[in-house]
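A.B. asks: Dropping a structure here in structure tokens format, bear with me for questions.
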Amino acid sequence: MKQSVKLIWLVLAVILFGGHFAKAQQNEVSDVGQENDEEESTDAAESDEQNNQPSDSNRVGRIINGISATSANQPYLVTIVAYIGEDSFYFIGALISNTEVLTSASTLKSAGDLSAVTFSLTVGSNPSISSGITYSDKGFDIHSGFNPTTLANDVAIIKINGNLSGLANVRPIAIATTEIAVSTTNRTQCVVAGWKDGSNDIGETTYELLTDQECAAAGANPPSIVCARKTGTAFACNFDGGAPLVCNGQLYGILTDQTGCSGSSPPVLQKFAKLPVISIPWNTATLSNPSATLPNPSATIPNSNASLPIVPRKNYVSCP
């Protein structure tokens, strides 16, 4: 009987010890897995930092929450990449003739030293930018009356190295010559198009014009500035400088530089060059950098504002 009791106690001891040992091993494996996960997470964060790329949660960009557009609906839209040394800068323009693109002077200036700048200009995106046709440039000209402090006459023209006449879904847009009367009870609805956030498409969204008094509440403006604001959740942002503001089927404005725009903090209003009061053309006979050629005609257009295949633009907002 005593031997049986001893045997039972021995079996129980073995079982208890075995269970404790197995649990200890499981905890050890779990700890190792957790350490590996932490190391991988740290490595990924360090890799993002080394590549000058922010994490997904901090990436901002273009037409935020907008809908995809097509060249059939926006045949005048031109996506632009400026190359300065090893840097590249993304913005927008509007086709105003078969050889000329109108964009923002302040956006162009924000790229930096323009003495050796070259451009790639893509038209016919439907809606993917990769489906469009890309041209190099023959030079550019900033409005002779442009004031970088007040943003007066904030427009520039880039000359296309080629003629776009006859291309499918590519067509210049007429520039408005008459100012639109705006009141708080009679707001004109307009369309803004640009790089679509989170995709390789062009995007668009709806804006409404503001009165001069509402615009002045955000600071003094020259007569050649008009303000507009988003009508829903979508809005133009970084990369969308130079975006066309189209009202009543005509090119009414050009979006000023959006360097300080943040996707996490939508702007209350945005400023556009008011084209009906700006002389266009002003002096395009002499273009800057007339012999420039595109250094990399096969350059990849970014798949999203968050993933740049080449060195990010200097005014890229990486940490809103």
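Mapping of the sequence shown onto mature numbering (1 follows the signal peptide of the UniProt record, and there is no 0): residues -24 to -1, 1 to 296, in sequence order.
Note that beta-carbon positions come from the ideal geometry of N, C-alpha and C, so glycine has one too.
#1: What are the boundary residues of the alpha helix (DSSP H) that includes serine 82?
#2: Using 8 Å as the threshold, is the C-beta distance between leucine 84 and leucine 90 below it?
#3: CB glycine 217 to CB aspartate 233, shorter than 8 Å?
#4: I need the straight-line Cα distance from serine 73 to threonine 161, nearest angstrom please.
#5: Across which residues does DSSP place cysteine 223 in a beta bridge pair?
#6: What residue range does the beta strand (DSSP E) around glutamine 246 cover?
#7: Return the first residue and the last residue of the alpha helix (DSSP H) that aspartate 177 is part of.
#8: For a quick check, are the C-beta atoms of valine 131 and leucine 97 less than 8 Å apart?
#9: Mapping DSSP to helix, strand and coil, what is glutamate 190?
#10: Return the first residue and the last residue of the beta strand (DSSP E) that glycine 115 is part of.
#11: Classify serine 240 as helix, strand or coil using the three-state DSSP reduction.
#12: Given a cut-off of 8 Å, decide if phenylalanine 215 and tryptophan 171 are closer than it, judged by their beta-carbon atoms.
#13: When you compare only the Cα positions, how much space is there between alanine 192 and glutamine 246?
#14: Phenylalanine 65 lies in the beta strand (DSSP E); which residues open and close that run?
#15: In three-state terms, what does DSSP make of serine 141?
#16: Cutting at 6 Å between CB atoms, please list the residues of its own chain near valine 202, excluding the five before and the five after it.
#17: By DSSP, does serine 104 sit in helix, in strand, or in coil?
#18: What does DSSP give as the partner residue(s) for cysteine 203 in the beta ladder?
#19: Hey, out of Leu143, Arg163, Ala194 and Tyr52, whose CA is closest to threonine 126's CA?
#20: Do asparagine 129 and asparagine 137 have their C-beta atoms within less than 8 Å of each other?
#21: Excluding sequence positions up to five away, which residues of its chain have a Cβ less than 8 Å from the Cβ of valine 253?
#22: According to DSSP, valine 57 sits in a beta bridge with which residue or residues?
#23: Once the 5 residues before and after leucine 152 are set aside, which same chain residues still bring their CB inside 8 Å of it?
#24: Excluding the 5 residues flanking aspartate 113 on each side, which residues of the same chain have their C-beta closer than 7 Å to its C-beta?
#25: Compute the Euclidean distance between the alpha carbons of leucine 221 and alanine 204, then round it to the nearest angstrom.
#26: CA-CA distance, alanine 144 and glycine 61?
#27: What residues match up with leucine 78 in a beta bridge as DSSP calls it?
#28: Pick from Ile118, Ser141, Ser120 and Glu180: whose alpha carbon is nearest that of phenylalanine 102?
#29: For my contact list, arginine 147 and proline 51 are in at a C-beta cut-off of 8 Å; report their separation, rounded to the angstrom.
#30: Per DSSP, what kind of secondary structure is threonine 209 in: helix, strand or coil?
#31: Which whole-angstrom value describes the C-beta separation of leucine 231 and valine 168, a residue pair presumed to lie in contact below a C-beta threshold of 8 Å?
C.D. replies: The answer reads as follows:
#1: Per DSSP, serine 82 belongs to the alpha helix (DSSP H) from 81 to 86.
#2: Yes, Cβ-Cβ distance for leucine 84 and leucine 90 is below 8 Å.
#3: It is a contact, given that the beta carbons lie within the stated cut-off.
#4: Going by the C-alpha atoms only, they are around 35 Å apart.
#5: For cysteine 223, which the question treats as bridged, DSSP gives the partners Cys166 and Gln226.
#6: Boundaries of the beta strand (DSSP E) around glutamine 246: 246 to 250.
#7: Here aspartate 177 belongs to no alpha helix (DSSP H), and DSSP marks it neither H nor E.
#8: Going by C-beta atoms, valine 131 is not nearer than 8 Å to leucine 97.
#9: Looking at glutamate 190 - three-state DSSP - the assignment turns out to be helix.
#10: Bounds of the beta strand (DSSP E) holding glycine 115 are 113 to 118.
#11: Reduced to three states, the DSSP call for serine 240 is coil.
#12: In this structure, tryptophan 171 lies near phenylalanine 215, with their beta-carbon atoms less than 8 Å apart.
#13: Cα to Cα, the separation comes out at about 12 Å.
#14: Membership of phenylalanine 65 in the beta strand (DSSP E) is indicated by the continuous run 63 to 71.
#15: Correct three-state label for serine 141: coil.
#16: Excluding residues within five positions, the ones whose Cβ falls inside 6 Å are Gly229, Phe248 and Lys250.
#17: Here serine 104 sits in strand by DSSP.
#18: Paired residue(s): Lys247.
#19: Per the Cα distances, Ala194.
#20: Their beta carbons are not under 8 Å apart, which means asparagine 129 does not touch asparagine 137 by this criterion.
#21: Excluding positions up to five away in sequence, the list reads Glu155, Pro199 and Ser200.
#22: Per DSSP, Tyr66 and Ser96.
#23: Position check: residue 152 holds alanine in this sequence, whereas leucine was assumed. Here the set comprises Cys223, Asn224, Gln226, Leu227, Tyr228, Leu251 and Pro252.
#24: Listed in chain order, the non-local C-beta contacts of aspartate 113 below 7 Å within the same chain comprise Thr94, Phe95, Leu97, Ile134, Lys135, Ile136, Asn137 and Ala268, local neighbours out to five positions each way being set aside.
#25: When rounded, the distance between both Cα atoms is 9 Å.
#26: As the crow flies, the alpha-carbon of alanine 144 is around 33 Å from that of glycine 61.
#27: According to DSSP, leucine 78 bridges with Ala70 and Ile133.
#28: Reading off the sequence, residue 102 comes out as asparagine, not phenylalanine. Comparing Cα-Cα distances from asparagine 102 to each of Ile118, Ser141, Ser120 and Glu180, the minimum goes to Glu180.
#29: Rounded to whole angstroms, the Cβ separation of arginine 147 and proline 51 is 4 Å, and the two are in contact under 8 Å.
#30: In this structure, threonine 209 counts as coil in the three-state DSSP scheme.
#31: A Cβ-Cβ distance of about 7 Å is found for the pair leucine 231 and valine 168, placing them in contact under the 8 Å criterion.
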